[in-house]
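In the working numbering, the protein residues as written are 109 to 204.
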């Protein structure tokens, strides 16, 4: 019976690991974009692009957490991301 239960749980675990890997891949790509946006903000004062990329990262992370609400590591990451995004918006509005 234990073997049957472990076999039934394997696809679920595999799917969850696949979700996390897909999330990690998206965030790796967004991190490259974020680094470019940071450099652009320093070089040209383009805070809009920086805030936009941060917003996309927040959205991707929030969507992941809708399906995986027990992932405390990602929950903590989202809190930091939200703080960074709020700071970016503050700088953007102060510059205008």
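All residues carry an ideal CB built from backbone N, CA and C; glycine is no exception.
Just so you know, these numbers come straight off a predicted model, no measurement behind them.
Query: Beta-carbon proximity list for residue 141, same chain, < 6 angstroms, skipping 5 on both sides; Result: 161
Query: Any 3 or more C-beta pairs closer than 8 angstroms across the stretch 173-188 and the stretch 196-204; Result: no
Query: C-alpha distance - residue 205 paired with residue 198, whole-angstrom precision; Result: Residue 205 is absent from the structure shown; the chain starts at 109 and stops at 204.
Query: Whole alpha helix (DSSP H) elements within the stretch 153-179, 4-residue minimum; Result: 155-175
Query: Short Cβ contact (8 angstroms threshold) for residue 138 with residue 200; Result: no
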